[in-house]
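The numbering of the sequence shown is the numbering used here, which starts it at 21 and goes up by one. Note that CB positions come from ideal geometry on N, CA and C, so glycine has one too. Shown next, in structure tokens, is the structure this report addresses.
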Amino acid sequence: SSGINAEYGGGVGVNCSHSDLFYCDHQLNGTAFCVVPANHSCYDSMCVGQGDFDDIIIDCDQSVNRCVRNDTGYPECVPGTRGHGSDCYGEAHLDYYCSNNATSGWAICNQAYPSDCYSNLCAGTGDYANTTIPCDLSVKSCTTNVTSGEPKCTDEFARGAGVNCTGTAGP
Numbered sequence: 021s022s023g024i025n026a027e028y029g030g031g032v033g034v035n036c037s038h039s040d041l042f043y044c045d046h047q048l049n050g051t052a053f054c055v056v057p058a059n060h061s062c063y064d065s066m067c068v069g070q071g072d073f074d075d076i077i078i079d080c081d082q083s084v085n086r087c088v089r090n091d092t093g094y095p096e097c098v099p100g101t102r103g104h105g106s107d108c109y110g111e112a113h114l115d116y117y118c119s120n121n122a123t124s125g126w127a128i129c130n131q132a133y134p135s136d137c138y139s140n141l142c143a144g145t146g147d148y149a150n151t152t153i154p155c156d157l158s159v160k161s162c163t164t165n166v167t168s169g170e171p172k173c174t175d176e177f178a179r180g181a182g183v184n185c186t187g188t189a190g191p
């Protein structure tokens with residue numbers, strides 16, 4: 021058999037598992053294969069060109085897109101599969117939160133390492149410098165409004181800062 025499907029005019033192909041995101045690629049000899057990009061904790065947010073286009077940066081949420089460069093090196097954001105990212109340790113929004121480098125879009129894991137004891141108040145700044153609100157920093161974080169300084173207890177990031185104790189825990 022020549023591998024050619026005369027009815028449809030196609031050649032030999034490959035079937036990919038549809039249980040995860042994938043895209044098709046080709047070996048140097050032209051043989052098709054399936055690529056299943058790795059899952060990451062945090063994903064890059066931009067796509068950078070190469071060669072003559074290494075100064076071109078485009079927005080590209082790589083949690084649902086992947087960054088490719090065309091034949092000339094120009095960056096393109098292709099939907100349908102995930103792209104590059106970073107792998108963090110622990111549970112999201114407790115042990116870490118994600119952010120991105122403002123220039124390159126590279127994913128950053130902001131780790132919040134566990135402590136023995138945590139504060140239970142969140143303090144404001146500026147006009148709110150004397151204001152505190154309840155906030156269990158063992159599972160939430162304390163932020164302030166950039167403009168007003170008003171304190172905010174949130175689970176948007178990771179656990180707050182704590183202190184480590186020495187010795188044996190008491191009653």
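{"Query": "If you count every other CB in all the chains shown that lies within 10 Å of the CB of H60, and 16 or more means buried, which is it?", "Result": "buried"}
{"Query": "Keeping to the same chain, check which residues put their C-beta closer than 8 Å to that of G29; ignore five residues upstream and five downstream.", "Result": "In this prediction, G29 has a pLDDT of 46, which is less than 50 and means its spatial position is unreliable; what the coordinates show is noted afterwards. So no residue of the chain qualifies."}
{"Query": "Given a cut-off of 8 Å, decide if D156 and N130 are closer than it, judged by their beta-carbon atoms.", "Result": "no"}
{"Query": "From the DSSP output, in three-state form, read off D147 for me.", "Result": "helix"}
{"Query": "Can you tell me the Cβ-Cβ gap for C97 and I78, rounded? I've got them flagged as a contact below 8 Å.", "Result": "6 Å"}
{"Query": "G100 to A52, Cα distance in whole Å?", "Result": "18 Å"}
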